[in-house]
Amino acid sequence: MLDLKFIIKNAEEVKKNCLDRNISADVNAVVNLAKERSSLISELDDIRAKQNQNAKLMKSKLTEDERAELIKKGSALKAESVKKDELLKSVNLRLKDMQAKIPNMTHPNAPRGKDEDSNNVKYIFKHPTEFDFTPQDHVELGKKLDILDFDAGAKVSGQKFYFMKGDGVLLEQALINFALKTLISKGFILHITPDLAKNSVLFGTGFNPRGSEAQIYSIENTDLSLIATAEITLAGLYSGEIFQEKDLPLKLAGYSHCFRTEAGAYGKSSKGLYRVHQFSKVEMFAYTRPEDSDAMLDELVSVEREIFERLEIPYRLVECCTGDLGGPAYRKYDIEAWMPGRDGGSYGEVTSASNCTDYQARRLNIKYKSSSKESNFIHTLNGTAIAVSRAIIAILENYQQKDGSIIIPKVLRNFMDKDILTPPVKSK
RNA sequence: GGAGAGAUGGCUGAGUCCGGUUUAAGGCGCUCGACUCGAAAUCGAGAAAGGUCGAAAGAUCUUCGGGGGUUCGAAUCCCUCUCUCUCCGCCA
47 MLDLKFIIKN AEEVKKNCLD RNISADVNAV VNLAKERSSL ISELDDIRAK QNQNAKLMKS
107 KLTEDERAEL IKKGSALKAE SVKKDELLKS VNLRLKDMQA KIPNMTHPNA PRGKDEDSNN
167 VKYIFKHPTE FDFTPQDHVE LGKKLDILDF DAGAKVSGQK FYFMKGDGVL LEQALINFAL
227 KTLISKGFIL HITPDLAKNS VLFGTGFNPR GSEAQIYSIE NTDLSLIATA EITLAGLYSG
287 EIFQEKDLPL KLAGYSHCFR TEAGAYGKSS KGLYRVHQFS KVEMFAYTRP EDSDAMLDEL
347 VSVEREIFER LEIPYRLVEC CTGDLGGPAY RKYDIEAWMP GRDGGSYGEV TSASNCTDYQ
407 ARRLNIKYKS SSKESNFIHT LNGTAIAVSR AIIAILENYQ QKDGSIIIPK VLRNFMDKDI
467 LTPPVKSK
């Protein structure tokens, strides 16, 4: 969330930012509630100071009358403070709720626009793959190769679930290992995180566990939800802590399963593996000093690019416009891989890297102590190393041969002990 | 799942039985200073985080795992939740 003082001081800019981002938030109401909160705190503190004084007086030797007098006075003060405290609590509750709806500020260079049509293409790697035959989509390919079974997923768990089978399993593990190995070489500390997290951690990361647009599965009768990304657990990992400046930047990698309800997300372009309820992902997460977060975002993007370039998959790099940023992001870059089978060939998002500045840190209370001994909110960033399901779409569709076999990208061959996937020979 | 013991500042650790003299002792580590050519040792001093008001100086409040309660007053009493440890059971 944004700092209250910042909102009050820069109310007009905050309002404009909400408009740019196509988010409705009542900034005026937040400002008014914040002022009400301040004066309530002052009043309550005054009463508490008097209570403390009164209690101190009770320690000295007193006559019965004096004692009775002080107790009476204390009772009155207490009644007053309880009343004030209740008022303050209700203001805080309303304020927090409204404050959370205000998105992060936006990098001045981020393109302005309502939706992804306004995103800026920054770079294009290779040209869309060309075929001298009609390419199939990954669903057909996966079925023929017998590595992907959506029917079985639907039978056992419902639509948008799937089984990976045979060489598909090897391919998934190869992608994960390739990503993990790449990240080690870049100085990331590897983690396998829990696949469930407390709702307070979800909230702190900017996900709304039970909101109307919740993408999140929550576990009945508990305070837990299935995570939508390891960003949640890696952000929660240091919640409430204070870093020493010398330990920054800290780069983490998190391998987890990701769960998304994807309510209402149907249609052609979300066919097959593109939008599923469960997938595996290796996520990058970084904690930095505020002055280093811009450079760290570039670093995360360069790792993502390297991964897809070494997989030799055509992609384009886009910078997301204001309307496509999501609440916590200050600036965001996506990599969209070429997917020949998607609507007859189109780019589809495979990674996303965001600089969240201090927006998550403020909610999660993560700080760092600088050499000047001052502590400040830290900056957090996240980026996808490999979202396995979508990477598999890109590999199957770009590397397919006329006979339906798939050439394995060079960098994955050692991890799989295979360089080609071929459809099984049907026994008669 | 059962039984028991715990959670105190950067770390360690007293205080909790029996509420007020604690401004949360002592130790370790840390910072600064003295001594020293320099260091160690020693001596002296300092140091938590956050909120509110304030231009600032400062004032004041909150925080002894979380939440709630009793009381004029809670680290201390009561309720509740979470987590940790020991033993037992079950288990990949």
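Residue 465 in my numbering sits at position 419 of the first sequence, and the numbers go up by one each step.
Virtual Cβ for every residue (Gly too), placed ideally from N, Cα, C.
My guess is that residue i and residue j are in contact by the Cβ rule of under 8 Å, so how many angstroms apart are they, rounded?
{"i": "Ile438", "j": "His237", "result": "Rounded, the Cβ-Cβ distance is 23 Å, inconsistent with contact."}
{"i": "Arg436", "j": "Leu319", "result": "7 Å"}
{"i": "Ala71", "j": "Arg377", "result": "With a Cβ gap of about 20 Å, Ala71 and Arg377 do not count as contacting."}
{"i": "Thr152", "j": "Gln406", "result": "Their Cβ separation, rounded to whole angstroms, is 16 Å, which puts Thr152 and Gln406 out of contact at 8 Å."}
{"i": "Asp363", "j": "Tyr208", "result": "Strictly speaking, residue 363 in this sequence is Leu, with Asp absent from that position. Actually they do not touch by this definition, with Cβ atoms about 28 Å apart."}
{"i": "Phe171", "j": "Tyr361", "result": "5 Å"}
{"i": "Asn100", "j": "Gly120", "result": "5 Å"}
{"i": "Val434", "j": "Lys317", "result": "Their Cβ separation, rounded to whole angstroms, is 17 Å, which puts Val434 and Lys317 out of contact at 8 Å."}
{"i": "Ala299", "j": "Ile222", "result": "Incorrect: roughly 11 Å between the Cβ atoms, too far for contact."}
{"i": "Gly369", "j": "Gly212", "result": "Gly369 to Gly212, Cβ: 42 Å. No contact."}
{"i": "Ala440", "j": "Ile359", "result": "5 Å"}
With which residues is residue i paired in a DSSP beta bridge?
{"i": "Gln446", "result": "Ile452"}
{"i": "Leu194", "result": "Met210"}
{"i": "Phe249", "result": "According to DSSP, which records beta bridges pairwise, Phe249 is partnered with nothing at all."}
{"i": "Lys160", "result": "Note: Lys160 sits in no beta bridge, so no partner."}
{"i": "Thr426", "result": "Tyr333"}
{"i": "Arg362", "result": "Ile170, Glu382"}
{"i": "Ile235", "result": "Leu298"}
{"i": "Leu272", "result": "Leu242"}
{"i": "Leu467", "result": "Ile452"}
{"i": "Ser316", "result": "DSSP output for Ser316 lists no bridge partner at all."}
{"i": "Ala433", "result": "Lys327"}
{"i": "Ser400", "result": "Lys378, Asn428"}
{"i": "Pro264", "result": "Sequence check: residue 264 is Ser here, not Pro. In DSSP, Ser264 forms a bridge with Ser271."}
How would you call residue i, buried or exposed, if buried means at least 16 neighbouring beta carbons within 10 angstroms?
{"i": "Met342", "result": "buried"}
{"i": "Tyr333", "result": "buried"}
{"i": "Phe331", "result": "buried"}
{"i": "Ser339", "result": "buried"}
{"i": "Leu139", "result": "exposed"}
{"i": "Asn165", "result": "buried"}
{"i": "Ser400", "result": "buried"}
{"i": "Arg306", "result": "buried"}
{"i": "Ala122", "result": "exposed"}
{"i": "Leu79", "result": "buried"}
{"i": "Met15", "result": "It is not possible to answer for residue 15, since the shown part of the chain is limited to 47 through 474."}
{"i": "Asp28", "result": "The structure shown does not extend to residue 28, since the chain spans only 47 to 474, so no value can be given for it."}
{"i": "Ser398", "result": "buried"}
{"i": "Ala198", "result": "exposed"}
{"i": "Phe423", "result": "buried"}
So, with DSSP's three-state summary, where would you put residue i?
{"i": "His477", "result": "Absent from the model: residue 477. The displayed extent of the chain is 47 to 474, so no value can be given."}
{"i": "Asn166", "result": "strand"}
{"i": "Gly300", "result": "strand"}
{"i": "Gly394", "result": "strand"}
{"i": "Ile93", "result": "helix"}
{"i": "Gln290", "result": "strand"}
{"i": "Lys107", "result": "coil"}
{"i": "Arg377", "result": "strand"}
{"i": "Tyr414", "result": "strand"}
{"i": "Phe305", "result": "strand"}
{"i": "Ser285", "result": "coil"}
{"i": "Ser421", "result": "strand"}
{"i": "Thr279", "result": "helix"}
{"i": "Phe179", "result": "coil"}
{"i": "Gly204", "result": "coil"}
{"i": "Cys367", "result": "coil"}
{"i": "His153", "result": "coil"}
{"i": "Gly120", "result": "helix"}
Give a single yes or no on whether residue i has its beta carbon closer than 7 Å to a heavy atom of the ligand GTP.
{"i": "Lys227", "result": "With respect to small molecules bound, the structure shown includes none, and the ligand GTP cannot be examined in it."}
Below 8 Å, how does it come out for the segment 334-352 and the segment 132-147: are there three or more Cβ pairs, yes or no? No: fewer than three Cβ pairs fall under 8 Å.
Using 8 Å as the threshold, is the segment 194-204 in touch with the segment 447-460, meaning 3 or more CB pairs across them? Touching, no.
Three or more C-beta pairs closer than 8 Å, one from the segment 99-112 and one from the segment 213-231: is that the case here? Counting C-beta pairs closer than 8 Å gives fewer than three between the segment 99-112 and the segment 213-231, which falls short of the contact rule.
Would the segment 286-300 and the segment 402-420 be scored as touching if the rule is three or more Cβ pairs under 8 Å? Counting C-beta pairs closer than 8 Å gives three or more between the segment 286-300 and the segment 402-420, which meets the contact rule.
Three Cβ pairs or more, each shorter than 8 Å: is that satisfied between the segment 263-277 and the segment 226-243? Enough Cβ pairs lie closer than 8 Å, so yes.
For the segment 77-86 and the segment 123-134, state whether three or more C-beta atom pairs, one from each stretch, are separated by less than 8 Å. Touching, yes.
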